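Q: According to this note's numbering, the stretch in the sequence shown is residues 82 to 595, in order. To start, I am sharing the structure in question, which I have written as structure tokens.
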Amino acid sequence: MSGFGMQTYEPGIKIWEKSSEGQDRENMIKVPLLTIIVPIYNKAKLLKQCLDSFAADKFRGRLEVLAVDDGSTDASVVTAAEYESRFPEIYRVIKKENGGVGSVMNLGIRYAVGKYVKEVDADDYVDSDALGKLLDFLEECDSDIVLTPFRTVDEEGFTIETHYIKGVEYGREYPADVLLRHAEISIQGLAVKRQLLLEHRIVLEETRYYVDMQIIGESIYYAETYTVMGCILYYYRCNQAEQSVSLRNYVRNREDFRRQTELSLERFSRAQKEEISAIKRGMMKDAACGYSGMLQIIYLMDQSDGDKEKGKAFDGMLRTEHPMVYDEIGRQPLIRELRNNDFNHVHDFQEKILNIVKELQEVNKGFVSLGDVCSQALDEGGNITNYRLRKQRDKLRRQFQLMNDWFMNYQNGITAGQYLWDKGIRRVAIYGFGALGERLYQELSGSQVRAVYGIDRIIAWKDGSFQVEKQPDGTKEIDAIVVTAITDFCDIAAELKKSVKCPIISLEDVVHRS
Numbered sequence: 082m083s084g085f086g087m088q089t090y091e092p093g094i095k096i097w098e099k100s101s102e103g104q105d106r107e108n109m110i111k112v113p114l115l116t117i118i119v120p121i122y123n124k125a126k127l128l129k130q131c132l133d134s135f136a137a138d139k140f141r142g143r144l145e146v147l148a149v150d151d152g153s154t155d156a157s158v159v160t161a162a163e164y165e166s167r168f169p170e171i172y173r174v175i176k177k178e179n180g181g182v183g184s185v186m187n188l189g190i191r192y193a194v195g196k197y198v199k200e201v202d203a204d205d206y207v208d209s210d211a212l213g214k215l216l217d218f219l220e221e222c223d224s225d226i227v228l229t230p231f232r233t234v235d236e237e238g239f240t241i242e243t244h245y246i247k248g249v250e251y252g253r254e255y256p257a258d259v260l261l262r263h264a265e266i267s268i269q270g271l272a273v274k275r276q277l278l279l280e281h282r283i284v285l286e287e288t289r290y291y292v293d294m295q296i297i298g299e300s301i302y303y304a305e306t307y308t309v310m311g312c313i314l315y316y317y318r319c320n321q322a323e324q325s326v327s328l329r330n331y332v333r334n335r336e337d338f339r340r341q342t343e344l345s346l347e348r349f350s351r352a353q354k355e356e357i358s359a360i361k362r363g364m365m366k367d368a369a370c371g372y373s374g375m376l377q378i379i380y381l382m383d384q385s386d387g388d389k390e391k392g393k394a395f396d397g398m399l400r401t402e403h404p405m406v407y408d409e410i411g412r413q414p415l416i417r418e419l420r421n422n423d424f425n426h427v428h429d430f431q432e433k434i435l436n437i438v439k440e441l442q443e444v445n446k447g448f449v450s451l452g453d454v455c456s457q458a459l460d461e462g463g464n465i466t467n468y469r470l471r472k473q474r475d476k477l478r479r480q481f482q483l484m485n486d487w488f489m490n491y492q493n494g495i496t497a498g499q500y501l502w503d504k505g506i507r508r509v510a511i512y513g514f515g516a517l518g519e520r521l522y523q524e525l526s527g528s529q530v531r532a533v534y535g536i537d538r539i540i541a542w543k544d545g546s547f548q549v550e551k552q553p554d555g556t557k558e559i560d561a562i563v564v565t566a567i568t569d570f571c572d573i574a575a576e577l578k579k580s581v582k583c584p585i586i587s588l589e590d591v592v593h594r595s
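See below:
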């Protein structure tokens with residue numbers, strides 16, 4: 082660790098400081114607009130990509146990155162220190178004993194000096210261009226919370242899904258009660274004003290997992306103003322075997338989930354006593370009820386008999402301390418059955434949950450979320466037909482929303498052709514030739530961008546010089562493929578990658594100009 086010395090700030094916590102003839106680091110930087118807190122625990126293999134996304138001269142004096150090593154046993158801290166050596170005005174490396182993400186965030190908030198605070202996991206990364214736009218915006222912004230869209234990506238960084246914030250005007254400040262009707266708040270899209278965290282003395286539970294539940298809950302509780310930016314900032318890497326969001330890990334870390342559920346219950350109790358809006362109070366109630374139901378499903382996914390008693394004890398606590406939540410989740414058939422059986426014959430309920438997981442795996446090609454399992458078990462009664470119908474309704478709703486947004490763009494003189502042209506794309510293939518594909522073909526016909534041919538696994542036809550084929554045609558020169566089948570984009574793009582080298586773009590990105 083040549084060129085670095087360690088300064089102890091408090092017991093067990095050390096901050097790496099670059100030696101520069103006694104120069105104080107705080108004199109080297111301006112007060113930054115944004116502090117990024119990066120919790121690091123044995124992520125040496127992926128950390129470089131994360132830290133690279135902040136390493137730019139244009140961020141000097143405007144961005145602070147606190148790389149907090151939470152007791153790693155690999156070379157993570159060495160990697161982080163290299164970035165501090167190159168960009169001492171941006172990076173600050175903190176090494177501490179292992180204590181979980183909550184302890185990292187508490188420490189990071191304590192030492193942060195930025196106007197806003199945002200967490201970025203060490204195995205994720207941001208888009209540097211989008212970060213520059215966000216920093217420009219934060220110079221004038223004074224909202225309590227700033228939201229940005231984000232993408233989930235696979236291990237190779239290929240887009241699985243883009244999570245847009247719809248129904249709002251980008252760059253406009255909204256009161257909380259207006260914004261919360263439209264946006265679903267996620268940790269990946271969240272930047273919070275540091276002053277809000279300090280004023281309300283928000284201290285996070287120092288558990289290893291699910292701290293985002295508390296960050297989101299407390300931020301929503303106190304924030305009064307929101308602004309949404311249109312730039313896609315965060316790239317959330319998922320489908321990793323060790324991720325805390327897998328079903329197996331929910332079971333393994335169930336007591337961390339229980340603690341966060343208890344905090345959501347306490348937050349709802351606070352909301353009933355304090356003067357907050359009805360919308361916020363309703364959100365606190367929905368979170369408390371939702372997490373309580375999820376916890377019972379997590380207990381049932383565990384095959385050990387001991388968790389029968391844990392589920393029963395938790396339900397008893399709800400009945401005594403949170404009767405409104407107890408009554409609300411009691412309307413769900415599975416919870417009602419558990420109570421009617423006094424949490425006996427738990428193996429029958431466990432078998433039901435396992436069958437639900439298997440059915441969902443068949444429908445979703447192996448991927449199953451806890452949300453889907455809980456929806457099936459608690460709301461749909463395990464009826465897989467209802468689940469399929471709901472997925473179809475969601476697909477149609479997304480298509481309708483996309484068409485509406487597209488039409489509004491066109492009315493305002495914003496065209497798909499201009500978006501593609503600005504990206505340097507001159508010739509495209511259109512994948513999926515239903516209503517969306519035909520609409521894109523018609524719009525491009527009047528633009529500088531040429532639709533060379535179409536691809537559709539079912540439809541194959543030729544109309545003049547334009548041909549729709551069942552497979553990509555490697556002999557035709559194109560700059561990109563635009564996929565109009567938005568709900569199946571991930572699977573389609575993965576298949577196309579096997580036979581084409583050009584970029585593969587979702588129609589959603591074209592319409593939302595991402």
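Where a beta carbon is used, it is the ideal one built from N, C-alpha and C, also for glycine. If you're wondering where the values come from, they're calculated on a predicted model, not measured in any experiment.
By Cβ distance, which residues of its chain are closer than 6 Å to residue 294, with the 5 residues on each side in sequence left out?
A: 341, listed in sequence order.
Q: Where residue 130 and residue 544 are concerned, what is the direct C-alpha to C-alpha distance, given to the nearest angstrom?
A: One C-alpha to the other measures close to 46 Å.
Q: Using 10 angstroms around the beta-carbon of residue 221, count the other beta-carbons present and answer buried if the total reaches 16, otherwise exposed.
A: Its Cβ having fewer than 16 others within 10 Å, residue 221 is exposed.
Q: Taking all protein chains shown into account, decide if residue 477 is buried (16 or more other Cβ within 10 angstroms of its Cβ) or exposed.
A: Classification for residue 477: exposed.
Q: Which class does residue 535 belong to by DSSP, given the choice of helix, strand or coil?
A: Residue state, collapsed to three classes: strand.
Q: Using 10 angstroms around the beta-carbon of residue 447, count the other beta-carbons present and answer buried if the total reaches 16, otherwise exposed.
A: Counting Cβ neighbours within 10 Å, residue 447 comes out exposed, since fewer than 16 surround it.
Q: Hey, residue 501 and residue 533: beta-carbon distance below 8 Å or not?
A: Not a contact, by the Cβ cut-off of 8 Å.
Q: Ignore the nearest five residues each way along the sequence and tell me which others in residue 548's own chain have a CB closer than 6 Å to its CB.
A: Hits under 6 Å: 534.
Q: Taking the runs of the alpha helix (DSSP H) that are 4 residues or longer, which of them lie wholly in the segment 482-566?
A: Within the segment 482-566, the complete alpha helix (DSSP H) runs of at least 4 residues are 497-503 and 516-526.
Q: Assuming residue 225 and residue 356 form a contact by the criterion Cβ under 8 Å, report the distance between their Cβ atoms to the nearest whole angstrom.
A: Wrong, their Cβ atoms sit about 17 Å apart, outside the cutoff.
Q: Could you tell me which residues DSSP puts in a beta bridge with residue 587?
A: 564.
Q: Which same chain residues, not among the five before or five after residue 457, have their C-beta less than 7 Å away from its C-beta?
A: If we look at residue 457 and ignore the five residues flanking it on each side, its Cβ neighbours are 437, 441, 463 and 468.
Q: Report yes if the CB atom of residue 311 is closer than 8 Å to the CB atom of residue 251, and no otherwise.
A: Yes.
Q: One question on the structure: do residue 117 and residue 196 come within less than 8 Å of each other, judged by their Cβ atoms?
A: Cβ atoms of residue 117 and residue 196: not closer than 8 Å.
Q: Look up residue 143 in the DSSP assignment and say whether it is helix, strand or coil.
A: Correct three-state label for residue 143: coil.
Q: What's the C-alpha gap between residue 106 and residue 276?
A: Bear in mind that the predicted position of residue 106 carries a pLDDT of just 44, short of 50, making it unreliable; the figure below should be weighed with that in mind. Straight-line Cα distance between these residues: approximately 22 Å.
Q: What's the gap between the Cα of residue 435 and the Cα of residue 382?
A: So the two alpha carbons sit approximately 7 Å from each other.
Q: Is the beta carbon of residue 486 less than 8 Å from the beta carbon of residue 513?
A: No, they are not a contact pair.
Q: Could you check whether residue 394 and residue 314 sit closer than 8 Å to each other, using their CB atoms as the reference points?
A: Taking 8 Å as the Cβ cut-off, residue 314 and residue 394 do not qualify as a contacting pair.
Q: If we ignore side chains and look at the alpha-carbon of each, how far apart do residue 289 and residue 363 end up?
A: Computed Cα separation, rounded: 28 Å.
Q: Can you tell me whether DSSP reads residue 404 as helix, strand or coil?
A: Helix.
Q: Suppose you measure from the CA of residue 267 to the CA of residue 345; what does that come to, to the nearest Å?
A: Cα-Cα distance, rounded: 16 Å.
Q: What residues match up with residue 274 in a beta bridge as DSSP calls it?
A: Note: residue 274 sits in a beta bridge opposite 197.
Q: Where do the ends of the alpha helix (DSSP H) carrying residue 417 lie?
A: Residues 414-421.
Q: Please determine, among 412, 231 and 349, the residue with the shortest C-alpha to C-alpha distance to residue 208.
A: Closest by alpha carbon: 231.
Q: Less than 7 Å between C-beta atoms, sequence neighbours within five positions excluded: which residues of the same chain meet that for residue 411?
A: Cβ within range, chain order: 417 and 420.
Q: Residue 307 lies in the alpha helix (DSSP H); which residues open and close that run?
A: Residue 307 -> not in any alpha helix (DSSP H); beta strand (DSSP E) instead, spanning 306-309.
Q: Do residue 509 and residue 562 count as a contact pair if the criterion is CB distance below 8 Å?
A: For residue 562 and residue 509, yes; Cβs fall inside 8 Å.
Q: So what does residue 254 bridge to, in DSSP terms?
A: Note: residue 254 sits in a beta bridge opposite 308.
Q: Go ahead and pull the three-state DSSP assignment for residue 244.
A: In the structure shown, residue 244 sits in a strand (DSSP, three-state: E or B).
Q: Just verifying my parser: in three-state terms, what is the DSSP assignment at residue 342?
A: Helix at residue 342.
Q: What's the C-alpha gap between residue 183 and residue 339?
A: Taking the straight line joining both Cα atoms gives about 15 Å.
Q: Just how far apart, CA to CA, sit residue 376 and residue 335?
A: When rounded, the distance between both Cα atoms is 8 Å.
Q: How many Å lie between residue 282 and residue 132 at the Cα?
A: Approximately 29 Å, taken between the alpha carbons.
Q: Quick check: residue 203 and residue 121, are their CB atoms within less than 8 Å of each other?
A: In contact: residue 203 and residue 121 (Cβ atoms closer than 8 Å).
Q: Leaving out five residues on either side along the sequence, give the residues of the same chain with a beta carbon under 6 Å from the beta carbon of residue 465.
A: So the qualifying residues of the chain are 440.
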